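Chemist: Residue 260 in numbering that gives the first Met the number 0 sits at position 261 of the sequence shown, and the numbers go up by one each step.
Ideal Cβ positions, reconstructed from N, Cα and C, are used throughout, including at glycine.
Model, not experiment: these values are computed from the prediction.
Take this structure, written in C-alpha cells, and hold onto it; I'll ask about it next.
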Amino acid sequence: MHGQAPCFGARREGRASAWAGGALRPALIVVLLASLALSACAGKKPQPEELPPLGPPVAVQESPEFFVANLAPRNQDLTSWKDMAPTVRKSLRYVNSKPQGAAAVKRPGLTVTWGDLSRSLTRLRDLLPRLDAEPGLLLANFRWVEVPGGINYSGYYEPQVRASRTRKPGYAQAIYGLPPDLGRVRAKRGRYHDRRTIEEKQVLANRGLELAWAADPVDVFFLEIQGSGRLIFDDGTQAYVNYAGQNGHKYKSSGRIMREKGLLRRGDIFEQREWFRNNPERVREILNDNPSYVFFKFGSRGPTGAMGHEVDDWLSLATDRSFIPLGSLVAYGVNAPDERRGSVPLRGIGFAQDVGGAIKRNRIDIFCGGDARANYVASHLDAKGPAWVLLAR
Numbered sequence: 000m001h002g003q004a005p006c007f008g009a010r011r012e013g014r015a016s017a018w019a020g021g022a023l024r025p026a027l028i029v030v031l032l033a034s035l036a037l038s039a040c041a042g043k044k045p046q047p048e049e050l051p052p053l054g055p056p057v058a059v060q061e062s063p064e065f066f067v068a069n070l071a072p073r074n075q076d077l078t079s080w081k082d083m084a085p086t087v088r089k090s091l092r093y094v095n096s097k098p099q100g101a102a103a104v105k106r107p108g109l110t111v112t113w114g115d116l117s118r119s120l121t122r123l124r125d126l127l128p129r130l131d132a133e134p135g136l137l138l139a140n141f142r143w144v145e146v147p148g149g150i151n152y153s154g155y156y157e158p159q160v161r162a163s164r165t166r167k168p169g170y171a172q173a174i175y176g177l178p179p180d181l182g183r184v185r186a187k188r189g190r191y192h193d194r195r196t197i198e199e200k201q202v203l204a205n206r207g208l209e210l211a212w213a214a215d216p217v218d219v220f221f222l223e224i225q226g227s228g229r230l231i232f233d234d235g236t237q238a239y240v241n242y243a244g245q246n247g248h249k250y251k252s253s254g255r256i257m258r259e260k261g262l263l264r265r266g267d268i269f270e271q272r273e274w275f276r277n278n279p280e281r282v283r284e285i286l287n288d289n290p291s292y293v294f295f296k297f298g299s300r301g302p303t304g305a306m307g308h309e310v311d312d313w314l315s316l317a318t319d320r321s322f323i324p325l326g327s328l329v330a331y332g333v334n335a336p337d338e339r340r341g342s343v344p345l346r347g348i349g350f351a352q353d354v355g356g357a358i359k360r361n362r363i364d365i366f367c368g369g370d371a372r373a374n375y376v377a378s379h380l381d382a383k384g385p386a387w388v389l390l391a392r
C-alpha cells in the first residue's frame, strides 16, 4: 500500500445506522474500516506516467533551418550544450595532431583539410556557452554540407558479459587476447584462422591467450560486434576489454545468416537473442558461419574510439573515415527506436570519433552508452536520416 496511505483517511457519510448505540464489536469495526479503505483505494486509478512532448519526426530530407528549430540538448541526454565541451576537446586534440594543410578527406562533394576541421571544432567550442539561448548560431557560423543520399543509421553500445577468470562449469567460452603470430600471418597471406577453425579445432587453446571465460558464447559474439565492453566476473569484480585486432576475414552478420536460413523475420539483435535462447543446440552452427573473429585486450576505461579516446553517449559517431573523416563535426538525425513510443526523433550534434569494419560510406554508427535504453536502441536501430558536415564559415 506504499503511496496509498491517504486512502485510509477517507470519511464516509450516510452510515449512522451501522454505528447506532455503539453495538458493533471492535473486530467488526476493524473489518468495516478496512473494507471502506480498500473501496476508496480501488476507486482511484493510477495516473499514467506523463511522457515529455516530442518534436516532429525526422525526415530523410529536411532543411538545416528546420533541423535547428527542433534541436535540443535533451535529445542527447544533455542538460546544456556546454556539456559537450569535453567531447569537443577530444576531437580537437586529434585533429590538431595532424598536418593542418593536408587533406582529411578529398572526394566528390567534400574536400576538407585537418585545419578546416580544427577551425570548425574551435568555433563550436567558443559558441557552446551561447547555444542554449541562441541555437541559430549554428546556422550563422557554419556551412552545412549535406551528405548526399542521406545516412543509414545503426547504433552500438557497451555490452556487459558474465565471465570467470578461470575455466569452470558454466564458463567455457574463451575470450582471446591477440595471438603473437597474427601480424606475421596476416602480412604473409592476409588472413588468420577463421572462426570455425578457432572454435571447432581449438587452435588457440592452451597458449596462454585466454583473458577470461564467458558464460554465454552469444554474449561474446555480440561483444565482438561492439568492439569493447565490460566483463562482470563471478567474484564480483569487473574489467574493461577493448578491441585489439581482427583475423582478416570478412564480417558476415548473424542477422543476415539467420535470415538466409529462413530462421528470422526481422533479424534484429533482440529477435536473434530470443532465437538463440530457444535453440541452444544450433548456436555454434550460426556463429561459425561468420568467419570474422575479434581479439581483445584489457583496458582501464570504457569503449575507446579510433582516436584513442573514450567515446561518449549520443555524441560519438563511428564513420567511414574516407567518407566522413575522423574529427568531423556532424549534425545527424534519425527516428530512434523507443520501447514506449515506438520511435522518437533524435536530432543531434555529433563527432566522428570512431570507425568500424561494417561502417562504409553512407553509414553512421551512433554510440548509445551502456544502460538498458542504449542496449535497446543499438539492438533495433536500422533507419535512414539526414546528416551534414558542419564547417566553420
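Going by DSSP, what residue range makes up the alpha helix (DSSP H) through phenylalanine 65?
Modeler: Walking along the sequence shown from the start, residue 65 turns up at place 66. Where phenylalanine 65 is concerned, the enclosing alpha helix (DSSP H) stretches over 63 to 68.
Chemist: Assign serine 327 to one of two classes, buried (16 or more other C-beta atoms within 10 Å of its C-beta) or exposed (fewer than that).
Modeler: One-based indexing of the sequence shown puts residue 327 at position 328. Serine 327 comes out buried.
Chemist: From this set, Pro85, Val111, Asp312, which residue's C-alpha is nearest arginine 124's C-alpha?
Modeler: If you number the sequence shown from 1, residue 124 lands on position 125. Arginine 124 has its Cα closest to that of Pro85, out of Pro85, Val111, Asp312.
Chemist: Are asparagine 361 and glycine 148 touching if we call contact CB-CB under 8 Å?
Modeler: Reading the sequence shown from its first residue, position 362 is the one you call residue 361. Reading the sequence shown from its first residue, position 149 is the one you call residue 148. Cβ atoms of asparagine 361 and glycine 148: closer than 8 Å.
Chemist: Can you tell me the Cβ-Cβ gap for alanine 335 and valine 343, rounded? I've got them flagged as a contact below 8 Å.
Modeler: Within the sequence shown, the letter at position 336 stands for residue 335. Within the sequence shown, the letter at position 344 stands for residue 343. Confirmed, about 6 Å.
Chemist: Give me the Cα-Cα distance between alanine 317 and glutamate 280, rounded to the nearest whole angstrom.
Modeler: As a position in the sequence shown, residue 317 is number 318, starting the count at 1. As a position in the sequence shown, residue 280 is number 281, starting the count at 1. C-alpha separation (whole angstroms): 34 Å.
Chemist: Per DSSP, serine 342 is paired with what?
Modeler: For the purposes of this step, residue 342 is taken as the residue at position 343 of the sequence shown. Paired residues: Pro336.
Chemist: Near phenylalanine 275, what residues of its chain come up, given a Cβ to Cβ distance below 7 Å and the 5 sequence neighbours on each side ignored?
Modeler: Walking along the sequence shown from the start, residue 275 turns up at place 276. Closer than 7 Å at the Cβ level, and outside the excluded window around phenylalanine 275, lie Val217, Val282.
Chemist: If you draw a straight line from the alpha carbon of leucine 91 to that of alanine 382, how long is it in whole angstroms?
Modeler: Here the question's residue 91 lines up with position 92 in the sequence shown. Here the question's residue 382 lines up with position 383 in the sequence shown. Approximately 30 Å, taken between the alpha carbons.
Chemist: List the whole-angstrom C-beta distance separating serine 321 from glycine 304, where the pair is believed to meet the contact cut-off of C-beta under 8 Å.
Modeler: Here residue 321 refers to the residue found at position 322 when the sequence shown is read from its first residue. Here residue 304 refers to the residue found at position 305 when the sequence shown is read from its first residue. About 17 Å; that fails the 8 Å criterion.
Chemist: On the criterion of 16 or more Cβ atoms from any shown chain inside 10 Å, does glycine 384 qualify as buried, or is it exposed?
Modeler: Within the sequence shown, the letter at position 385 stands for residue 384. With 16 or more other Cβ atoms within 10 Å, it is buried.
Chemist: Do the CB positions of glycine 176 and valine 67 come within less than 8 Å of each other?
Modeler: In the sequence shown, residue 176 corresponds to position 177, counting from 1. In the sequence shown, residue 67 corresponds to position 68, counting from 1. Going by C-beta atoms, glycine 176 is not nearer than 8 Å to valine 67.
Chemist: Got a sec? Which residues, its chain only, sit under 8 Å from glutamate 157 by beta carbon, not counting five neighbours each side?
Modeler: Residue numbering aside, residue 157 sits at position 158 when the sequence shown is read from its first letter. Same-chain partners within the cutoff: Gln225, Ser227, Gly228, Arg229, Gly301, Pro302, Gly368, Gly369, Ala373.
Chemist: What is the residue span of the beta strand (DSSP E) that glycine 413 lies within?
Modeler: Residue 413 lies beyond the residue range present for the chain, which begins at 0 and ends at 392; the question has no answer from this structure.
Chemist: Identify the residues that DSSP records as bridge partners of valine 293: which are they?
Modeler: Position 294 of the sequence shown, counting from 1, holds the residue named residue 293. In DSSP, valine 293 forms a bridge with Gln245.
Chemist: Evaluate contact between the stretch 108 to 124 and the stretch 184 to 192, counting only Cβ atoms and requiring at least three cross-stretch pairs below 8 Å.
Modeler: Judged by Cβ distances under 8 Å, the stretch 108 to 124 makes no contact with the stretch 184 to 192, as fewer than three pairs qualify.
Chemist: Let me know the beta strand (DSSP E) ranges lying completely inside the stretch 140 to 209, each 3 residues or longer, listed in chain order.
Modeler: Complete beta strand (DSSP E) runs here, min 3: 141 to 145, 150 to 155, 159 to 163, 172 to 175.
Chemist: When you compare the stretch 244 to 252 with the stretch 178 to 190, are there three or more beta-carbon pairs, one atom per stretch, that lie closer than 8 Å?
Modeler: These segments touch.
Chemist: Which word fits aspartate 364, buried or exposed, when buried means at least 16 other C-beta atoms lie within 10 angstroms of its C-beta?
Modeler: By 1-based counting over the sequence shown, the position of residue 364 is 365. So aspartate 364 counts as buried.
Chemist: What does DSSP give as the partner residues of glutamate 309 in its beta bridges?
Modeler: Numbered from 1 along the sequence shown, position 310 holds the residue referred to as residue 309. Thr303, per the DSSP bridge assignment.
Chemist: Would glycine 341 and valine 57 be called neighbours here (beta carbons separated by less than 8 Å)?
Modeler: Taking the sequence shown and counting its residues from 1, one reaches residue 341 at position 342. Taking the sequence shown and counting its residues from 1, one reaches residue 57 at position 58. In this structure, valine 57 does not lie closer than 8 Å to glycine 341 by Cβ.
Chemist: Less than 7 Å between C-beta atoms, sequence neighbours within five positions excluded: which residues of the same chain meet that for serine 378?
Modeler: As a first step, residue 378 must be located in the sequence shown, where it is residue number 379. Closer than 7 Å at the Cβ level, and outside the excluded window around serine 378, lie Asp267, Ile268, Phe269.
Chemist: Check isoleucine 365 in the structure and name its three-state DSSP category.
Modeler: Here residue 365 corresponds to residue number 366 of the sequence shown, with the count starting at 1. It is a strand residue.
Chemist: Should tryptophan 113 and threonine 165 be called a contact, given that it needs their Cβ atoms to be closer than 8 Å?
Modeler: In the sequence shown, counting from the first residue as 1, residue 113 sits at position 114. In the sequence shown, counting from the first residue as 1, residue 165 sits at position 166. No, the pair does not count as a contact, with Cβ atoms beyond the cut-off.
Chemist: Using CA atoms only, rank isn't needed, just tell me which of Arg346, Glu199, Asp234, Lys81 is closest to proline 290.
Modeler: Counting from one through the sequence shown, the residue named residue 290 turns up at place 291. The shortest Cα separation from proline 290 among Arg346, Glu199, Asp234, Lys81 belongs to Glu199.
Chemist: On the DSSP bridge assignment, give the partners of phenylalanine 232 in chain order.
Modeler: By 1-based counting over the sequence shown, the position of residue 232 is 233. BP columns for phenylalanine 232 point to Ala162.
Chemist: Lysine 251 by DSSP, collapsed to three states: which one?
Modeler: Numbered from 1 along the sequence shown, position 252 holds the residue referred to as residue 251. If DSSP states are grouped into helix, strand and coil, lysine 251 belongs with coil.
Chemist: Grab me the residues of leucine 222's own chain with a C-beta within less than 6 Å of its C-beta, minus the 5 sequence neighbours each way, in chain order.
Modeler: Within the sequence shown, residue 222 is the residue found at index 223, counting from 1. Around leucine 222: Pro158, Val160, Gly228.
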